[in-house]
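Colleague: Let me begin by handing over the structure; questions about it come next.
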Amino acid sequence: DTGVSQDPRHKITKRGQNVTFRCDPISEHNRLYWYRQTLGQGPEFLTYFQNEAQLEKSRLLSDRFSAERPKGSFSTLEIQRTEQGDSAMYLCASSFGAGEVYEQFFGPGTRLTVL
Amino acid sequence: AQSVTQLDSQVPVFEEAPVELRCNYSSSVSVYLFWYVQYPNQGLQLLLKYLSGSTLVKGINGFEAEFNKSQTSFHLRKPSVHISDTAEYFCAVTRNEKLTFGTGTRLTIIP
Chain A
6 DTGVSQDPRH KITKRGQNVT FRCDPISEHN RLYWYRQTLG QGPEFLTYFQ
56 NEAQLEKSRL LSDRFSAERP KGSFSTLEIQ RTEQGDSAMY LCASSFGAGE
106 VYEQFFGPGT RLTVL
Chain B
1283 AQSVTQLDSQ VPVFEEAPVE LRCNYSSSVS VYLFWYVQYP NQGLQLLLKY
1333 LSGSTLVKGI NGFEAEFNKS QTSFHLRKPS VHISDTAEYF CAVTRNEKLT
1383 FGTGTRLTII P
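First to last, the protein sequences are chains A and B. FYI, the numbering for the first sequence is 6 to 120, going by this note's numbering. FYI, the numbering for the second sequence is 1283 to 1393, going by this note's numbering.
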């Protein structure tokens, strides 16, 4: 039984560079969520997918952020022209179905450091 | 809009003592409430959730929480803590599938 996996676990980049993170959900889960967690704060919702459809992206922090889930399986989160304020933990979660009755299972996160 | 407030950022507790981690929520509509735990260098794990029904909810690892609508609270309790309970605990509320988290409470167990 494999859980949600994220790659890489850690990323250090220079300001202005682009970064891409990958999330592999639990195989039978059709919902996939992205959250961001900064130091001393709880996770903050960014966007989510049902299969390959992105159902909400209004919470993405700026137009530098984009997410895809092209085949309804894994997802990528890209940040273009990174800024120091983008330094955070990026969390991915997946769930079996819609609604609050279905638990969101979280991955270990990708920690981004922008120098 | 809905939100949760965790009143304590850090809670130190002696091993085998009881603990209560406080959470208050604000919402104008019915809410679903959750407690998650985050162990060091790990992802979030669901401890328990309240969707409807009995206001006393039992979760994993001996934790329980009570939903109190009049006080808009959902406090987490454990009668006797163990060293392994050292972690960050997050209260969360959800609407339309999106979780809104509190700022977290760091539980430190003192041997």
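Backbone N, C-alpha and C fix where the C-beta goes; we use that ideal spot for every residue, glycine too. Owing to the predicted nature of the structure, the values given are computational and were not obtained by experimental measurement.
(1) Helix, strand or coil for S1366/B, going by three-state DSSP, please let me know.
(2) List, in chain order, every chain A residue whose beta-carbon is nearer than 9 Å to that of E1346/B.
(3) Since E108/A meets chain B, which of its residues come closer than 7 Å, beta carbon to beta carbon?
(4) Examine chain B for any beta-carbon lying closer than 8 Å to the beta-carbon of L96/A, and answer yes or no.
(5) So the candidates are G1386/B, L1326/B and I1392/B; which of them puts its Cα closest to the Cα of D1290/B?
(6) Cβ closer than 9 Å: which chain A residues qualify as neighbours of T1385/B?
(7) Taking only beta-carbon positions, decide if F101/A is within less than 8 Å of chain B.
(8) Output, in chain order, the set of chain E residues within a Cβ distance shorter than 7 Å of T1376/B.
(9) Check the Cβ of Q1324/B against every Cβ in chain A and list those closer than 7 Å, keeping chain order.
(10) Is Q22/A close to the ligand GTP? I mean its beta-carbon at under 7 Å from any heavy atom of the ligand.
(11) Is the shortest distance between the beta-carbon of F26/A and the beta-carbons of chain B less than 8 Å?
(12) For Q89/A, name the three-state secondary structure that DSSP assigns.
(13) Among S1336/B, N1343/B and I1342/B, whose alpha-carbon lies nearest the alpha-carbon of K1351/B?
(14) Can you name the residues of chain B whose CB is closer than 8 Å to the CB of F50/A?
(15) When the Cβ atoms of the stretch 11–23 of chain A are set against those of the stretch 55–66 of chain A, are three or more pairs found closer than 8 Å?
(16) Compute the Euclidean distance between the alpha carbons of T7/A and S100/A, then round it to the nearest angstrom.
(17) Taking C1305/B and F1356/B to be in contact with their CB atoms under 8 Å, please state how far apart those CB atoms are, rounded to whole angstroms.
(18) So what's L23/A in DSSP terms, helix, strand or just coil?
(19) For chain A, check one thing: does any of its Cβ atoms lie closer than 8 Å to the Cβ of L1333/B?
(20) Does DSSP classify I31/A as helix, strand or coil?
(21) Counting only runs that start and end within the stretch 42–102 of chain A, where is the beta strand (DSSP E) found for 3 or more residues in a row?
(22) Determine, using beta carbons only, whether F1372/B comes closer than 8 Å to chain A.
Modeller: Taking the structure as given:
(1) Counted from its first residue, the second sequence places residue 1366/B at position 84. S1366/B falls in the helix class under three-state DSSP.
(2) Taking the second sequence and counting its residues from 1, one reaches residue 1346/B at position 64. At a beta-carbon threshold of 9 Å, none of the residues of chain A lie near E1346/B; the nearest stands roughly 18 Å away.
(3) Your numbering for residue 108/A matches position 103 in the first sequence. Listed along chain B, the residues sitting closer than 7 Å to E108/A by beta-carbon distance are L1328.
(4) Taking the first sequence and counting its residues from 1, the one referred to as residue 96/A is at position 91. True, the Cβ-Cβ gap to chain B drops below 8 Å.
(5) Counting from one through the second sequence, the residue named residue 1290/B turns up at place 8. Of the candidates G1386/B, L1326/B and I1392/B, the one whose C-alpha sits nearest the C-alpha of D1290/B is G1386/B.
(6) Here residue 1385/B is taken as the residue at index 103 of the second sequence, counted from 1. Per Cβ cutoff of 9 Å: G45, Q46 and G47.
(7) By 1-based counting over the first sequence, the position of residue 101/A is 96. Chain B contact via Cβ: absent.
(8) Annotation note: the requested chain E is absent from the structure, which comprises protein chains A and B.
(9) Within the second sequence, numbered from 1, the residue matching residue 1324/B stands at position 42. By Cβ distance, chain A contributes P113.
(10) You won't find the ligand GTP in this model; it holds no ligand whatsoever.
(11) Here residue 26/A corresponds to residue number 21 of the first sequence, with the count starting at 1. No, its Cβ sits nowhere closer than 8 Å to a Cβ of chain B.
(12) Position 84 of the first sequence, counted from the start, is the residue given in the question as residue 89/A. Here Q89/A sits in helix by DSSP.
(13) Stepping through the second sequence from its first residue, residue 1351/B is reached at position 69. Selected option, being the one with the closest Cα: S1336/B.
(14) Counting from 1 along the first sequence, the entry for residue 50/A is found at position 45. By Cβ distance, chain B contributes K1380, L1381 and T1382.
(15) No, the stretch 11–23 of chain A does not touch the stretch 55–66 of chain A.
(16) Locating residue 7/A in the first sequence gives position 2, counting from the first residue. Locating residue 100/A in the first sequence gives position 95, counting from the first residue. Looking at the two C-alpha atoms, the distance is approximately 14 Å.
(17) In the second sequence, the residue the question calls residue 1305/B occupies position 23. In the second sequence, the residue the question calls residue 1356/B occupies position 74. Right, their Cβ atoms sit about 5 Å apart.
(18) Indexing the first sequence from 1 puts residue 23/A at position 18. Looking at the sequence itself, residue 23/A is Asn, so the reference to Leu does not match. Coil, per DSSP.
(19) Numbered from its first residue, the second sequence carries residue 1333/B at position 51. Yes, L1333/B lies at the interface with chain A (some Cβ there is under 8 Å from its Cβ).
(20) Here residue 31/A refers to the residue found at position 26 when the first sequence is read from its first residue. Coil.
(21) DSSP runs (the beta strand (DSSP E)) wholly in the stretch 42–102 of chain A: 49–55, 58–61, 70–73, 80–84 and 93–100.
(22) Position 90 of the second sequence, counting from 1, holds the residue named residue 1372/B. Under the Cβ criterion of 8 Å, F1372/B is counted among the residues facing chain A.
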